[in-house]
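Protein sequence lines correspond, in order, to chains A and B.
Under my numbering, think of the first position of the first sequence as 6, with each following residue one higher.
Under my numbering, think of the first position of the second sequence as 446, with each following residue one higher.
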Amino acid sequence: MSTAAPITIDTARPGVPLGRLIKVELRKMFNTRSGFWLMLSIAIVAAIATVAIIIFADGDDLSFGLFAQGIGIPMAIVLPVIAILSVTSEWSQRTGLITFTLVPHRGSIIAAKAIAAIIVGIAGMLIAYAIGALGNIGGSAIAGVDPVWDTSLVNLVTIILANVLGLLIGFTLGVLIRNSAGAIVGYFVYSFVIPSILGFLAFSQDWFEKLQPWIDFNDATLPLFDGGPSGEEWAQIGTSGLIWLVIPMTFGIWAVLKSEVK
Amino acid sequence: MITVDRLTKTYGGYRAVDDVSFECRPGAVTGFLGPNGAGKSTTMRIIAGLTPATSGSALVSGVNYPDIPNPGTQIGVLLDASAQHAGRTGREILALSALTMGLPMSRVDEMLQLVSLTPSESKRRVKNYSLGMRQRLGIANALLGDPKILILDEPANGLDPAGIHWMRGLLREYANRGGTVLLSSHLLHEIEVIADEIIVIGNGKIVAEGTKAELLQTAGTFVKAGDPSALANALTSAGLTSAPSGDGGLRTEADPATVGKAAAAAGVALVELRPAEGAGLEEMFLQLTAETQRETITPEGAGA
Ligand SMILES: Nc1ncnc2c1ncn2[C@@H]1O[C@H](COP(=O)(O)OP(=O)(O)OP(=O)(O)O)[C@@H](O)[C@H]1O
Ligand SMILES: [Mg+2]
């Protein structure tokens with residue numbers, strides 16, 4: 006056999022830009038049946054919560070704040086799950102074999118996923134607000150009262166921030182655990198089991214009660230939901246966020262960069 | 446061109462890939478042959494930057510895989526056709542890759558046509574794909590960016606004979622146009638059909654390599670008789686050494702004429718007598734497989 010011309014690799018070719026990767030990651034969130042329904046569930050869950058409030062709340066209690074809060078609870082579960090699956094499906098469904106051969110710089114993929122999840126989180130919250138506003142208008146009309154708009158713009162923003170932080174907790178669990186079921190269970194442990202343990206500890210130990218807001222992220226982010234945090238509360242979000250978000254996420258990303266994809 | 450140099454990968458104390466060196470040249474299909482667990486997939490994952498090597502290097506035309514910009518447009522990789530999101534359609538999977546590489550969507554249709562996935566099949570979700578359809582989709586995905594180098598792990602796995610024939614034609618033409626292909630298989634027959642050059646790996650080590658012609662050409666004769674022990678005696682008394690080969694036959698270094706005479710002299714009726722082409726490779730491969738064999742075949746009733 007004749008020898009063919011040598012093949013050279015073009016190292017001057019442009020790489021894959023981050024913007025394109027974000028687009029790809031957004032598309033991946035929608036283009037499976039389960040992903041599509043998960044995304045749609047943002048609107049569905051918001052609508053169900055709105056209807057439930059109209060049915061069960063007293064007409065005089067109706068306010069936009071009530072709707073925003075009612076919708077926020079299921080959102081705090083849906084958004085982190087979206088973030089978790091965006092990361093873990095690369096491992097659980099093994100699509101990472103293609104994703105990481107097309108883009109060997111895993112950090113870019115992880116960054117694109119985080120940005121895509123945050124975009125979805127913010128957009129989802131805005132949609133939820135819109136549905137809540139419609140609920141407030143409709144519900145008040147049904148009850149025969151004037152609609153009450155009691156939530157400040159700042160508070161609307163801090164609620165979005167709280168949800169984005171929750172979403173990033175999901176993202177962190179995703180990169181740490183890299184398994185869909187495991188990370189989702191992890192998120193439920195984080196948001197339901199750990200608060201009761203820490204709450205009990207604070208209840209029974211005085212010294213811990215003072216410490217808790219500084220190290221318990223769940224607890225520290227609560228002021229974001231009502232009214233917005235004070236200066237000290239922002240500092241508490243910072244310190245507890247370092248423990249629950251920044252350090253574990255750094256470790257998780259490091260593990261993703263080092264790990265074997267198979 | 447792919448250059449693997451003294452590559453080693455250990456898991457704990459276990460050497461999955463042990464000091465492996467080889468080269469794949471352009472214009473040829475290089476077959477990577479080895480029994481289950483030999484280290485083929487591990488080697489390929491290291492080349493594609495998915496698994497870090499313990500020591501040694503694997504370069505693609507002198508470049509480390511992670512340093513290749515937009516690698517999909519320069520190297521096509523298929524590591525596991527089943528590693529797909531089951532809920533995505535075949536077309537969507539190719540569309541995601543095309544989008545990542547910055548290719549026009551028309552390329553997706555071209556590739557679907559190339560691997561003979563019909564428009565209706567391409568709109569099905571991958572969980573409803575047959576194994577062969579998944580392989581075709583995986584090959585389409587590897588070829589999408591029009592790369593000059595292909596790395597395919599067990600691409601023929603699950604293909605029917607017509608599919609294997611199709612793939613041979615596809616890869617043959619690809620190599621003739623100057624492309625480099627590295628493909629693995631645990632089946633000697635598949636590699637014989639498709640590859641020009643063969644690298645045999647067993648227990649993480651390279652045990653043979655060369656062109657197909659070199660490896661398949663073995664001096665000597667393959668001979669088989671109805672009564673194997675009578676044949677063995679006949680050969681021994683004629684001063685010819687022989688070793689068991691294949692199913693019930695013997696292989697000897699002597700040429701067929703000499704072997705035929707020896708059998709005739711002893712009055713042994715032969716069933717088969719031919720030059721031992723490929724028998725050497727087959728024996729070596731069988732032996733390799735036997736060493737790593739997971740279950741011992743116990744004849745029924747034995748030991749009872
Ligand atoms: N993470 C791991 N930990 C321990 N051992 C591993 C790990 N990954 C692979 N191995 C071992 O490395 C060896 C080589 O595996 P590999 O998948 O490369 O084989 P292969 O040649 O592709 O086999 P097959 O033909 O079955 O696909 C196997 O014995 C496997 O069990
Ligand atoms: Mg393998």
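The beta-carbon is built from N, C-alpha and C at its ideal position, and this holds for glycine as well.
Worksheet entry | Beta carbon proximity, His530/B to chain A, threshold 8 angstroms | Residue 530/B sits at position 85 when you count from the first residue of the second sequence. His530/B counts as touching chain A.
Fill in: Any chain A beta carbon closer than 8 angstroms to Ile594/B
By one-based count along the second sequence, residue 594/B stands at place 149. Ile594/B counts as touching chain A.
Worksheet item: When burial is assigned at 16 or more other CB atoms within 10 Å of the CB, is Val713/B buried or exposed?
Response: Looking up residue 713/B in the second sequence gives position 268. So Val713/B ends up on the buried side.
Worksheet entry | Asp591/B - DSSP class collapsed to helix/strand/coil | Locating residue 591/B in the second sequence gives position 146, counting from the first residue. DSSP places Asp591/B in coil when its eight states are reduced to three.
Item to complete: Following the continuous beta strand (DSSP E) through Tyr456/B, name the residue where it begins and the one where it ends.
Response: As a first step, residue 456/B must be located in the second sequence, where it is residue number 11. Residues 447 to 456.
Worksheet item: Say the cut is 7 angstroms; is the CB of Lys650/B nearer than that to a heavy atom of ligand 1?
Response: Along the second sequence, read from residue 1 onward, the residue named residue 650/B stands at position 205. Every heavy atom of ligand 1 is 7 angstroms or more from the Cβ of Lys650/B, so no.
Practice prompt. List the residues of chain A that Leu440/B touches, going by C-beta distances under 7 angstroms, in chain order.
Written response: Beyond the ends of chain B as shown, which are 446 and 749, falls residue 440/B; an answer cannot be given.
Worksheet item: Do you know how far the Cα of Gly112/A is from the Cα of Ala3/A?
Response: Nothing in the structure corresponds to residue 3/A, since chain A is present only between 6 and 267.
Discussion item. So for Asn36/A, helix, strand or coil by DSSP?
Written reply: As a working note, residue 36/A is residue 31 in the first sequence. Note: Asn36/A maps to coil in three-state DSSP.
Fill in: Sequence-distant residues of its chain with Cβ nearer than 8 angstroms to Gly603/B (five each side left out)
The residue you call residue 603/B lines up with position 158 of the second sequence. Once the five neighbours on either side are set aside, the close Cβ partners of Gly603/B are Ala526, Ser575, Leu576, Gly577, Arg579, Gln580.
Worksheet item: Excluding the five sequence neighbours on either side, which residues of its own chain have a C-beta within less than 7 angstroms of the C-beta of Leu423/B, listed in chain order?
Response: This structure leaves residue 423/B out entirely; chain B is present only between 446 and 749.
Worksheet item: DSSP on Arg509/B, reduced to helix/strand/coil?
Response: Translated into the one-based positions of the second sequence, residue 509/B becomes position 64. Contrary to the premise, residue 509/B reads as Asn rather than Arg in this sequence. Reduced to three states, the DSSP call for Asn509/B is strand.
Worksheet entry | Contact set between the segment 499 to 515 of chain B and chain A, restricted to residues whose Cβ is under 8 angstroms from the partner | Val505, Ser506, Gly507, Val508, Tyr510, Pro511, Asp512, Ile513, Pro514, Asn515
Worksheet entry | chain B contacts made by the segment 180 to 191 of chain A, where a contact means CB separation under 9 angstroms | Listed by position along the chain: nothing, the set is empty.
Worksheet entry | Simplified DSSP state of Val716/B, which is helix, strand or coil | As a working mapping, residue 716/B is identified with position 271 in the second sequence. In the structure shown, Val716/B sits in a strand (DSSP, three-state: E or B).
Worksheet item: With 8 angstroms set as the bound, which would you pick, yes or no: does the beta-carbon of Asp614/B sit closer than that to a beta-carbon of chain A?
Response: Taking the first residue of the second sequence as 1, we reach residue 614/B at position 169. With the sequence shown as reference, residue 614/B is identified as Gly, and Asp is not the correct amino acid for it. So, not an interface residue.
Discussion item. Alpha carbons only, please: which of Ala48/A, Tyr192/A, Ala167/A is nearest the one belonging to Ala225/A?
Written reply: Counting from one through the first sequence, the residue named residue 225/A turns up at place 220. When each option's Cα is compared against that of Ala225/A, the closest is Ala167/A.
Worksheet item: By Cβ distance below 6 angstroms, which residues in the same chain neighbour Tyr192/A in space, the five residues on each side in sequence not counted?
Response: Within the first sequence, residue 192/A is the residue found at index 187, counting from 1. Answer for Tyr192/A: Pro85, Gly175, Leu178, listed in chain order.
Worksheet item: Hey, would you say the C-beta of Lys485/B is under 7 angstroms away from at least one heavy atom of ligand 2?
Response: The count along the second sequence starts at 1 and reaches residue 485/B at position 40. Indeed, a heavy atom of ligand 2 lies less than 7 angstroms from the Cβ.
Practice prompt. Note down, in chain order, each residue of its chain lying with its Cβ closer than 7 angstroms to the Cβ of Cys469/B, except the 5 sequence neighbours on either side.
Written response: As a position in the second sequence, residue 469/B is number 24, starting the count at 1. Met446, Ile447, Thr475, Thr625, Leu627, listed in sequence order.
Discussion item. For Leu31/A and Glu214/A, what's the separation of their Cα atoms in angstroms?
Written reply: Counting from 1 along the first sequence, the entry for residue 31/A is found at position 26. Counting from 1 along the first sequence, the entry for residue 214/A is found at position 209. If you take the alpha carbons of Leu31/A and Glu214/A, they lie about 42 angstroms apart.
Worksheet item: Contact between the segment 516 to 525 of chain B and the segment 693 to 706 of chain B: three or more CB pairs below 8 angstroms?
Response: Contact between the segment 516 to 525 of chain B and the segment 693 to 706 of chain B is absent, because fewer than three Cβ pairs lie under 8 angstroms.
Fill in: Cβ neighbours of Arg613/B in the same chain (closer than 8 angstroms, five flanking residues each side left out)
Position 168 of the second sequence, counted from the first residue, corresponds to residue 613/B. Around Arg613/B: Val638, Ile639.
Worksheet entry | Distance CB(Asn64/A)-CB(Val150/A) smaller than 8 angstroms | Residue numbering aside, residue 64/A sits at position 59 when the first sequence is read from its first letter. Residue numbering aside, residue 150/A sits at position 145 when the first sequence is read from its first letter. The sequence shown places Gly at residue 64/A, not Asn. Yes.
Practice prompt. Kindly indicate which residue of Lys454/B, Ile594/B, Arg719/B has the alpha-carbon position closest to the one of Arg622/B.
Written response: In the second sequence, residue 622/B corresponds to position 177, counting from 1. Measuring from the Cα of Arg622/B, the nearest candidate turns out to be Ile594/B.
Worksheet item: How would you list, in chain order, the residues of chain A whose beta-carbon sits under 7 angstroms from the beta-carbon of Met556/B?
Response: Locating residue 556/B in the second sequence gives position 111, where the first residue counts as 1. Within chain A, no residue comes near Met556/B; the closest Cβ sits about 14 angstroms away, beyond 7 angstroms.
Worksheet item: How is the beta strand (DSSP E) around Ile248/A delimited, first residue to last?
Response: In the first sequence, residue 248/A corresponds to position 243, counting from 1. Careful: Ile248/A lies outside any beta strand (DSSP E) and carries neither H nor E.
Discussion item. Going residue by residue through the segment 79 to 157 of chain A, where are the continuous alpha helix (DSSP H) segments of at least 4 residues, counting only ones entirely within it?
Written reply: 101 to 107, 111 to 148
Worksheet item: Excluding five sequence neighbours on each side, which residues of the same chain lie with their C-beta closer than 7 angstroms to the C-beta of Phe437/B?
Response: No answer is possible for residue 437/B: the residues shown for chain B start at 446 and end at 749.
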